[in-house]
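No gaps in the numbering here: position 547 of the sequence shown is 547 in the UniProt record's numbering, and each next residue is one more.
Glycine included, C-beta positions come from ideal geometry on N, C-alpha and C.
Bear in mind that the values here come from a model prediction, so they are computed numbers and not experimental data.
Scroll down for the structure; my scribbles are underneath it.
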Amino acid sequence: MKEMMQLMLVFMLLLLGVASPMNDEGKALMAIKGSFSNVVNMLLDWDDVHNSDFCSWRGVFCDNVSFSVVSLDLQGNKLAGQIPDEIGNCASLVYLGLRGNMLTGTLSSDMCQFTGLWYLDISYNQITGEIPYNIGFLQVATLSLQGNRLTGKIPEVIGLMQALAVLDLSDNELVGPIPPILGNLSFTGKLQLNDNQLVGSIPPELGKLEQLFELDLSGNSFSGSIPLTLGGLEHLLIFDVSFNLLSGVIPTELGQLQNLNSLILNNNKLHGKIPDQLTNCFTLINLFLGNPYLCGNWVGSICGPSLPKSRVFSKAVVICIVLGIITLLCMILIVVVKSKQQKEILKGSSSKQAEVSTKLVVLHMDMAIHTFDDIMRVTENFNKKFIIGYGASSTVYKCTLKTSRPIAIKRLYNQYQDNLREFETELETIGRIRHRNIVSLHGYALSSVGNLLFYDYMENGSLWDLLHGTSKKVKLDWETRLKIAVGAAQGLAYLHHDCTPRIIHRDIKSSNILLDENFVAHLSDFGIAKSIPTSKTHASTYVLGTIGYIDPEYARTSRLNEKSDIYSFGIVLLELLTGKKAVDNESNLHQLILAKADDNTVMEAVDPEVTVTCMDLGHIRKTFKLALLCTKRNPLERPTMLEVSRVLLSLLPSMQVAKKLPSPDPSKKPTNYGVREQQQERSEEGSQWFEQFHEVISKSSV
Numbered sequence: 001m002k003e004m005m006q007l008m009l010v011f012m013l014l015l016l017g018v019a020s021p022m023n024d025e026g027k028a029l030m031a032i033k034g035s036f037s038n039v040v041n042m043l044l045d046w047d048d049v050h051n052s053d054f055c056s057w058r059g060v061f062c063d064n065v066s067f068s069v070v071s072l073d074l075q076g077n078k079l080a081g082q083i084p085d086e087i088g089n090c091a092s093l094v095y096l097g098l099r100g101n102m103l104t105g106t107l108s109s110d111m112c113q114f115t116g117l118w119y120l121d122i123s124y125n126q127i128t129g130e131i132p133y134n135i136g137f138l139q140v141a142t143l144s145l146q147g148n149r150l151t152g153k154i155p156e157v158i159g160l161m162q163a164l165a166v167l168d169l170s171d172n173e174l175v176g177p178i179p180p181i182l183g184n185l186s187f188t189g190k191l192q193l194n195d196n197q198l199v200g201s202i203p204p205e206l207g208k209l210e211q212l213f214e215l216d217l218s219g220n221s222f223s224g225s226i227p228l229t230l231g232g233l234e235h236l237l238i239f240d241v242s243f244n245l246l247s248g249v250i251p252t253e254l255g256q257l258q259n260l261n262s263l264i265l266n267n268n269k270l271h272g273k274i275p276d277q278l279t280n281c282f283t284l285i286n287l288f289l290g291n292p293y294l295c296g297n298w299v300g301s302i303c304g305p306s307l308p309k310s311r312v313f314s315k316a317v318v319i320c321i322v323l324g325i326i327t328l329l330c331m332i333l334i335v336v337v338k339s340k341q342q343k344e345i346l347k348g349s350s351s352k353q354a355e356v357s358t359k360l361v362v363l364h365m366d367m368a369i370h371t372f373d374d375i376m377r378v379t380e381n382f383n384k385k386f387i388i389g390y391g392a393s394s395t396v397y398k399c400t401l402k403t404s405r406p407i408a409i410k411r412l413y414n415q416y417q418d419n420l421r422e423f424e425t426e427l428e429t430i431g432r433i434r435h436r437n438i439v440s441l442h443g444y445a446l447s448s449v450g451n452l453l454f455y456d457y458m459e460n461g462s463l464w465d466l467l468h469g470t471s472k473k474v475k476l477d478w479e480t481r482l483k484i485a486v487g488a489a490q491g492l493a494y495l496h497h498d499c500t501p502r503i504i505h506r507d508i509k510s511s512n513i514l515l516d517e518n519f520v521a522h523l524s525d526f527g528i529a530k531s532i533p534t535s536k537t538h539a540s541t542y543v544l545g546t547i548g549y550i551d552p553e554y555a556r557t558s559r560l561n562e563k564s565d566i567y568s569f570g571i572v573l574l575e576l577l578t579g580k581k582a583v584d585n586e587s588n589l590h591q592l593i594l595a596k597a598d599d600n601t602v603m604e605a606v607d608p609e610v611t612v613t614c615m616d617l618g619h620i621r622k623t624f625k626l627a628l629l630c631t632k633r634n635p636l637e638r639p640t641m642l643e644v645s646r647v648l649l650s651l652l653p654s655m656q657v658a659k660k661l662p663s664p665d666p667s668k669k670p671t672n673y674g675v676r677e678q679q680q681e682r683s684e685e686g687s688q689w690f691e692q693f694h695e696v697i698s699k700s701s702v
């Protein structure tokens, strides 16, 4: 009887399992099926009534452990209809293939919320409209949108998709120029923008795509010349710029592309002589056709190879040549003799010439650098052993001078030769900034070895190193993290409110917050900072910054103001609270905290090093609220940096606040009561400010 009961129990459980309702992903898949037509045969097994195991459905692949949908491959199924918003409910999706169907409508912004997606192919459908701005927040390795009817410009934010290996936007109706920021795609191997309506010149920045092996820009209306920088793409195999309006000569630098096996330049307005390296390497008949003014050794050239004419020289001519050679030898002999006598003079003039070609500017006299030779001598001509860091635009060296403290020398990759005067003006503006929470620029040098910037050296590196570095030498307790947040906030508030004109940093992130020996925060890297006159509320610029920290509104509109920095600072606060990276493979920190805030489980994300060292968990909750305020979707709902720094300052212990308050009048004896009173006053201000924004806090931050 007992065995019979057990069998009945197992049978009932099996029935319950079969009849159990589908989860959100299963419902999402059924909604996707409902939005498509022509699914009778193609998606026949997508049936929640007879087969609720959606992991066994056609084109659906699930994770073996979590049973979440990780891949959706519906390519070539002749599906019609629109891509539904419900596809965003498949949160674990890493592969989405919809190539070769008959899908219509526009690209939904919800599709750009897959933080773990690495492959997105919607090519050869009938998708219309513009490419959504927030597509730049995807971390995909492959983005294929070719063969649709997409319009508008190429979003600049695509240039920030650092993981892109393949970008194919060909065969659409895209207009405008190629954004130069695409030159930042350092891992991209395949770039196809052919058969659109793109105009303008080919950006020289494309020459920075070191991994590029295929570049197809054919079938557009590009004008101007072929950039010389493309000759540095050593991995390039295929280069096609045919059927454009390109003019000028073919750069000889293209002959340096030793791996190139397909070069197509036909149907342009190129002229001049074809470099010998190219005519020797290629045998394609249509290689240069359609460029009627090209001249070279190829079929159809306006100047075929000419035969050398025989020349008969007279005796007089021979005598003149011999006399000329003897005279030249005598002149060389005289020069050699005099060079020995004037060795010292030549050394002196050479030294003076070097001084003229190198410009050293010391902005603050507390840096003991007197000549450029000091720098070269101490760094041993910038020996690799002095390197302390790399960046996207520079290499940083440590330089220890005998008569002063160590300095950091940033050696820029870009020489800024075209706008040197503007470059120096910006440096002098930045050099005038003096604040305890901003890394001071002490001087700069313009030289043949690169443009050099001289900064304070920070003993404890960057906040990113301490939070996420491979060797975490120091554990950051809550008080230290709060102190760092206060310092960074005060430095940023100074740039926004006390500088004239106002300065917007544009790249606030944990790696740009440096820490001295006392863990005092210093904002660094003003390489892309932007000054905005007081009379203006914003500036229109190329979208610059770092994925995970970029303000979505700035990415969408390219309109820059202080609120963009505040968004980025909010992400840094989340890093300090959780110890997690802003973007880490398949997760986005901001989206993670928003989800936990909705579930009221945000405290689960707190870094254990914070939990065990914080005496008042209410301070952590308040900091989370502040971070979510800073990252509100609507910039108008974000606080100012003055308000942010005031709230953070109110959370510091009394002694820390006392150190940061203005020095008291010497005639008055300071008392502990005064410190406590000021601390209480600041705490009340923080509380009042949160009450003022209570309605904003209570709303969704999305």
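Mind checking who residue i pairs with in its DSSP beta bridge?
i, result
"residue 214", "190 and 238"
"residue 130", "151"
"residue 707", "Nothing in the structure corresponds to residue 707, since the chain is present only between 1 and 702."
"residue 170", "In the DSSP output, where bridge partners are listed per residue, residue 170 has none listed."
"residue 102", "80"
"residue 36", "81"
"residue 397", "387 and 409"
"residue 595", "Note: residue 595 sits in no beta bridge, so no partner."
In the DSSP assignment, find the unbroken alpha helix (DSSP H) run with residue i in it and report its ends.
i, result
"residue 575", "562-578"
"residue 62", "Here residue 62 belongs to no alpha helix (DSSP H); instead the beta strand (DSSP E) covers 60-62."
"residue 376", "372-378"
"residue 502", "Premise fails: residue 502 lies in the beta strand (DSSP E), 502-504, not in any alpha helix (DSSP H)."
"residue 457", "Note, residue 457: premise wrong, no alpha helix (DSSP H); not H, not E."
"residue 513", "No alpha helix (DSSP H) holds residue 513; the beta strand (DSSP E) holding it covers 513-515."
"residue 496", "478-497"
"residue 651", "641-651"
Is it buried or exposed, residue i, if we count other Cβ atoms within 10 angstroms and call 16 or more buried?
i, result
"residue 350", "Summary for residue 350: the model assigns pLDDT 41, below 50, so the residue's position carries little reliability; its value from the coordinates is reported in the next sentence. Label assigned to residue 350: exposed."
"residue 518", "exposed"
"residue 641", "buried"
"residue 547", "buried"
"residue 319", "exposed"
"residue 590", "buried"
"residue 448", "exposed"
"residue 66", "exposed"
"residue 37", "exposed"
"residue 443", "buried"
"residue 64", "exposed"
"residue 427", "buried"
"residue 497", "exposed"
"residue 599", "exposed"
Assuming residue i contacts residue j (C-beta within less than 8 Å), just tell me the rounded distance between them.
i, j, result
"residue 504", "residue 565", "6 Å"
"residue 438", "residue 576", "So it is not a contact: roughly 19 Å between Cβ atoms."
"residue 493", "residue 521", "The Cβ separation is near 12 Å, so there is no contact."
"residue 104", "residue 126", "5 Å"
"residue 122", "residue 99", "7 Å"
"residue 89", "residue 28", "4 Å"
"residue 201", "residue 218", "Wrong, their Cβ atoms sit about 16 Å apart, outside the cutoff."
Ends of the beta strand (DSSP E) at residue i?
i, result
"residue 606", "Careful: residue 606 lies outside any beta strand (DSSP E) and carries neither H nor E."
"residue 95", "95-97"
"residue 120", "119-121"
"residue 390", "387-390"
"residue 705", "In the structure displayed, the chain extends from 1 to 702; residue 705 sits before or after that span and is not available."
"residue 264", "262-264"
"residue 627", "Note, residue 627: premise wrong, no beta strand (DSSP E); alpha helix (DSSP H) at 617-630."
Which same chain residues, not among the five before or five after residue i, have their C-beta less than 7 Å away from its C-beta?
i, result
"residue 62", "55, 68, 69 and 70"
"residue 398", "386, 388, 406, 408 and 457"
With a CB to CB cut of under 6 Å and the five nearest residues on each side skipped, what residues in its chain are close to residue i?
i, result
"residue 446", "359"
"residue 168", "144, 146 and 192"
"residue 249", "272"
"residue 75", "97, 99 and 100"
"residue 553", "635"
Tell me which same chain residues have a C-beta within less than 8 Å of the C-beta of residue i, skipping the five on either side of it?
i, result
"residue 396", "387, 388, 389, 390, 408, 409, 410 and 411"
"residue 175", "151, 152, 153, 196, 197, 198 and 199"
"residue 569", "488, 489, 492, 508, 630, 641 and 644"
Got a sec: does the ligand NAD put a non-hydrogen atom nearer than 8 Å to the Cβ of residue i?
i, result
"residue 461", "In terms of ligand content, the structure shown is empty, and the ligand NAD therefore cannot be addressed."
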